[in-house]
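Residue numbers (the numbering used here): 1 to 296. A short write-up of the structure that comes next.
Next comes the structure, spelled out in structure tokens:
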């Protein structure tokens with residue numbers, strides 16, 4: 001049964017950039033980060049992709065909250081084996097771009113990297129992962145803490161709060177009944193559907209603003225083309241991988257057969273060599289070079 005709601009990546013691309021729809025994003029981030037998030041404004045990000053593949057494969061949105069922190073939300077539709085490094089690059093770029101030359105390091109902005117991935121990223125049993133930076137003693141095992149002065153100056157309680165934090169939502173792996181606000185969001189991200197009993201922050205706004213029947217005919221046509229392209233891209237990647245595995249097996253068999261024939265030639269040459277048959281004769285019979293025969 002088709003969903004009545006617009007996929008989140010399409011909403012990010014076309015709808016959620018409108019200030020009137022910030023409540024959807026604020027609700028999602030409030031649920032994920034477990035603190036009240038108010039979006040002040042949206043900033044320039046890498047969303048405007050020129051390549052046809054990237055246009056459908058991923059979309060991102062960069063928000064600044066009321067505390068001046070940066071929140072990068074990215075949806076990735078297809079597999080990218082170096083995605084962990086991509087996350088690092090994205091946050092590092094934000095850290096350096098959003099500080100003015102000559103400013104002190106205390107002006108470095110806090111960055112949250114929120115990654116909604118529709119592929120199997122790494123090995124793990126959970127559907128939501130949180131990464132942060134801590135400094136742990138290698139002898140005592142204690143965590144390095146801020147001084148009272150640093151806590152008061154930076155208005156944080158832990159060193160990890162000064163560093164970028166990463167969230168990974170592996171939404172394809174969610175296959176159960178939603179029992180918490182975060183799981184309600186993951187269910188929507190996975191299926192595109194919002195259950196009637198869902199109460200997570202932002203989903204009420206999503207029900208009102210992300211309905212398919214609010215779209216014009218042209219918008220619907222563009223949206224369905226987007227869905228079709230995602231399916232095609234996934235099929236192409238699956239086909240390429242299947243063909244690659246098949247070619248690998250064929251090449252492996254061919255290489256194995258060639259190696260077997262070479263070993264047979266070497267065995268025959270070694271036996272003839274032990275019988276003192278001239279090297280040039282052995283070379284003519286086996287096809288091995290005289291240098292190869294001498295090395296046996």
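We put the CB at the ideal spot given by N, CA and C, even for glycine.
Looking at the DSSP output, residue 143 bridges to 136. Annotated as proximal: residue 268 and residue 286, with beta-carbon spacing under 8 Å. With contact defined as three or more Cβ pairs closer than 8 Å, the region 78-92 and the region 30-40 are not in contact. Using a C-beta cut-off of 8 Å, the region 141-152 makes no contact with the region 5-19, since fewer than three inter-stretch Cβ pairs fall below that distance. Pairing residue 107 with residue 213, the inter-Cα distance amounts to about 45 Å. Per the coordinates, the alpha-carbon of residue 62 lies some 32 Å from the alpha-carbon of residue 148. Judged by DSSP in its simplified three-state form, residue 196 adopts coil rather than helix or strand. For residue 166, the enclosing beta strand (DSSP E) starts and ends at 165-170.
Setting aside the 5 residues that flank it on each side, residue 64 is surrounded in the same chain by 39, 40, 41, 42, 43, 70 and 71, each with a C-beta closer than 8 Å to its C-beta; the list follows chain order.
Check the Cα spacing between residue 201 and each of 167, 25 and 67: the tightest is with 25. Going by beta carbons, residue 112 and residue 165 fall inside the 8 Å limit.
Non-local C-beta neighbours of residue 86 in its own chain, meaning closer than 8 Å and more than five positions away in sequence, comprise 80, ordered along the chain.
If you draw a straight line from the Cα of residue 117 to the Cα of residue 168, it is about 7 Å long. Note on geometry: alpha-carbon atoms of residue 194 and residue 208 lie some 11 Å from one another.
Taken in chain order, the unbroken stretches of beta strand (DSSP E) that lie wholly in the region 6-51 and span 3 residues or more are 39-43. When the Cα atoms are used, residue 134 and residue 210 turn out to be separated by approximately 39 Å. Annotated three-state conformation of residue 260 is helix, per DSSP. Comparing alpha-carbon positions, the option among 16, 172 and 151 lying closest to residue 59 turns out to be 16.
Apart from the 5 residues on each side of it in sequence, residue 131 sits with its Cβ closer than 6 Å to the Cβ of 166 in its chain, given in chain order. Secondary structure at residue 178: coil, using DSSP grouped into helix, strand and coil.
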